[in-house]
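In our numbering, the protein residues as written are 1 to 193. Okay, so here's the structure we're looking at.
Structure (structure tokens):
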């Protein structure tokens, strides 16, 4: 599976269902997704995929994701093998410490962690996160992204925030490979390289 790491400048948005599962066995799932119900989650995803197929629907694109860390790295291949026949896409990504100030979380890195020396962040081109208080963040890594809120959806439109000078400047930094000049992006990128 290959992931394009080049920034997106133009794209077509299609409805998608993105589901974080992170395990293929109940024991591992219970350690990662504490308080969730593995059997129910699996049942629901498989039912959704079955109904989509029965109804001959192409959309939404159905994707399951697996964040590889010490607790589950031995399940990456079985995860891919199982989901290949059920979903449209499978994302396997390396664990990234979302709270760099909490050093203990680094011990969750997978032993067989793949280091990407050509890291390029695509988040500023295709994602914004809107929190319940209206804060709009330029990426999904909440622990770091909270420090760089791009606006508030209760005050400004999503369109205006997306096209703001702040986000245009952030995109420019990333496009030019200068993400290290942004204090938050630099910390995040160090988790990947």
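Backbone N, C-alpha and C fix where the C-beta goes; we use that ideal spot for every residue, glycine too.
By the neighbour-count definition (other C-beta atoms within 10 Å, threshold 16), residue 68 is a buried residue. Residue environment for residue 138: buried (at least 16 other C-beta atoms within 10 angstroms of its C-beta).
According to the DSSP assignment, residue 26 belongs to the alpha helix (DSSP H) that extends over 26-32. The three-state secondary structure of residue 157, taken from DSSP, is coil. With respect to residue 75, residue 24 sits close: the two C-beta atoms are nearer than 7 Å.
The three-state secondary structure of residue 76, taken from DSSP, is helix. Residue 42 is not bridged by DSSP to any residue. Of the residues 34, 44 and 31, the one whose Cα lies closest to the Cα of residue 17 is 44. The C-beta distance from residue 153 to residue 166 rounds to 15 Å, too long to fall under 8 Å, and the pair is not in contact. Residue burial annotation: residue 96 is buried, with at least 16 other C-beta atoms found within 10 angstroms of its C-beta.
Per DSSP, reduced to three states, the secondary structure at residue 69 is strand.
Residue 89 and residue 174 have their C-alpha atoms roughly 26 Å apart. In the three-state reduction of the DSSP assignment, residue 180 falls in the helix class, which pools H, G and I. The DSSP-derived three-state label of residue 186 is helix. Sequence-distant partners of residue 180 (beyond 5 residues in either direction) whose C-beta falls short of 8 Å from its own C-beta, in its chain, are 186 and 189.
Out of 93, 72 and 92, the CA that lies nearest to the CA of residue 33 is found in 72. Between residue 64 and residue 41 the beta-carbon gap is near 10 Å, outside 8 Å, which marks them as no contact. The criterion of a C-beta distance shorter than 7 Å is satisfied by residue 79 and residue 66. Residue nearest to residue 155 within the set 130, 39 and 140 is 130 (criterion: CA-CA distance).
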